Each structure stands twice: as structure tokens, then as C-alpha cells.
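Asker: I have a structure I would like to understand better, so I am pasting it below and will then ask my questions one at a time.
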Amino acid sequence: MPYEVFTLQHDPEKTAPAYYEKMLAHFGLDKNEVVYFEHNPEAVKSAQSVGIRSFYYDNEKQDLETLKKFLDEN
């Protein structure tokens, strides 16, 4: 793969804020340097709870206009 895959193998789950805190520490990132896209609304809430800008993408709606607006603003 041309990029690193990050996994905590469900320990903790992406629905736990600790997941995102560990991810930030692993890559040496500040929360303000990250934009997160996710299909699980609970994981989005978790990432947002630690200050990560996050976008919930609903596969059924495929709302590209809302996604474009989010990208333009972030």
C-alpha cells in the first residue's frame, strides 16, 4: 500500500475518544491538523469530542453537496 494503515484492532473502538487520542499521538498530530471522514455516526461524535473536525458520510444519501461544503469550509 502507498500509505500506512492505522489500526488499534478494536482496542479501543473508534466510538471511544481514546482511539483518536492514540491516533494523534501515534502520528504526532495536533487535532487541528486532522480532518476525519467516517460512515459511523457514533465514531464521528467520538472524534468530535476530542476536537477533530469530522464529517459523517451517509452511504445511502450520498450527499455530495454537503460534503463539498464541508471541504470548502475545512
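312 is the number of the first residue of the sequence shown in the working numbering; add one for each residue after it.
Each residue gets a CB set at the ideal place from its N, CA and C atoms; glycine is no exception.
Every value quoted in this text rests on a predicted model; they were computed, and no experiment measured them.
Beta carbon of residue 385, beta carbon of residue 346: below 7 Å?
Answerer: Within the sequence shown, the letter at position 74 stands for residue 385. Within the sequence shown, the letter at position 35 stands for residue 346. Yes.
Asker: Okay, do the stretch 324-341 and the stretch 366-382 touch, 3+ Cβ pairs below 8 Å being the bar?
Answerer: no
Asker: Measuring alpha carbon to alpha carbon, tell me which residue in 319, 327 and 316 is nearest residue 397.
Answerer: In the structure as shown, the chain begins at 312 and stops at 385. Residue 397 is therefore absent and cannot be evaluated.
Asker: I'd like the span of the alpha helix (DSSP H) that includes residue 355, first residue to last.
Answerer: Within the sequence shown, residue 355 is the residue found at index 44, counting from 1. 352-360 is the extent of the alpha helix (DSSP H) around residue 355.
Asker: What residue from 382, 363 and 368 has the CA that sits closest to residue 330's CA?
Answerer: Here residue 330 corresponds to residue number 19 of the sequence shown, with the count starting at 1. Of the candidates 382, 363 and 368, the one whose C-alpha sits nearest the C-alpha of residue 330 is 363.
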